[in-house]
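Here the sequence shown stands for residues 256 to 393, numbered as in this note's numbering.
Read the structure below first, then the notes.
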Amino acid sequence: MRLTTSIFVFLVAAAHAGPAPVPKEVWSAISVSRPIFILGREEIDVFFSAINDTDKPVLYEDIRGGGVLIVNGEELKDSGLLFGNGPRETTKFLNPGKATLFVARLTNYFAKPGNYEVAWKGKQFGTKPVVFRIVEKY
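So, in structure tokens, the structure goes:
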């Protein structure tokens, strides 16, 4: 009974803790549409987002053009090509409090079954990795 009461008190306290404070930086994240993909049958689209939580405008080029993709701990050599192509923002800066979102179809980069950890890093930001798996069938 004592252990159950302790766990309950911890869970109630954690629920009332609220969100973490927002630091003054460029917040970024990446995501995929699902945690498991079937090789050769499903497209892998990676979503990239950033919010300027600083007090100053940030160049879009520093976010998109200067970013690199890290796959299983190694920098993807085609990152410049990947982030340098496709539709672009029409303004030069991501202003304070504003967000950007873009998506890239990266199916060709994940051509083997296995577990993948993918992160996105730039001059002023870095994401935690998104984790997914490629299987031959399930």
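Built from N, CA and C at the ideal position, the CB exists for glycine as well.
Quiz item: Residues in its own chain within less than 7 Å of ASN350 by CB, not counting five upstream and five downstream?
Solution: Taken in chain order, the residues that qualify are ASN307, PRO312.
Quiz item: Is DSSP giving LEU337 helix, strand or coil here?
Solution: Assigned with DSSP and collapsed to three states, LEU337 falls in helix.
Quiz item: On the three-state DSSP scale, how would you describe ASP308?
Solution: Note: ASP308 maps to coil in three-state DSSP.
Quiz item: Any chance the region 312-324 sits against the region 376-385, with 3 or more Cβ pairs inside 8 Å?
Solution: Enough Cβ pairs lie closer than 8 Å, so yes.
Quiz prompt | Chain-order list of residues whose beta-carbon lies under 7 Å from that of PHE263 (same chain, five-residue window excluded) | solution = Annotation note: pLDDT 49 at PHE263 (below 50); position unreliable, coordinate value reported separately. Within the same chain, PHE263 has no close Cβ partners at all.
Quiz item: Would you report the Cα separation of PRO274 and TRP282, rounded to the nearest angstrom?
Solution: C-alpha separation (whole angstroms): 15 Å.
Practice problem: Kindly indicate which residue of ASN370, SER286, PHE365 has the alpha-carbon position closest to the one of LEU331. | Solution: Considering only alpha carbons, the answer is PHE365.
Quiz item: What alpha helix (DSSP H) runs, 4 residues minimum, are completely inside the region 325-393?
Solution: Taking only runs of at least 4 residues, the alpha helix (DSSP H) segments lying wholly in the region 325-393 are 334-339.
Quiz prompt | Simplified DSSP state of ILE285, which is helix, strand or coil | solution = If DSSP states are grouped into helix, strand and coil, ILE285 belongs with the strands.
Self-check item: Spatially closest choice to ILE389 from ILE285, ILE299, LYS353, by CA coordinates
Solution: Residue ILE299 is the option with its Cα nearest to ILE389.
Self-check item: Cβ separation of THR355 and ALA284, assumed to be a contact under 8 Å, to the nearest whole Å
Solution: Cβ-Cβ separation between THR355 and ALA284: approximately 12 Å, too far for a contact (criterion under 8 Å).
Practice problem: Tell me, to the nearest whole angstrom, how far the beta carbon of ASP310 is from that of LYS279; I am working on the premise that it is less than 8 Å. | Solution: Right, the Cβ-Cβ distance comes to about 7 Å (below 8 Å), so this counts as a contact.
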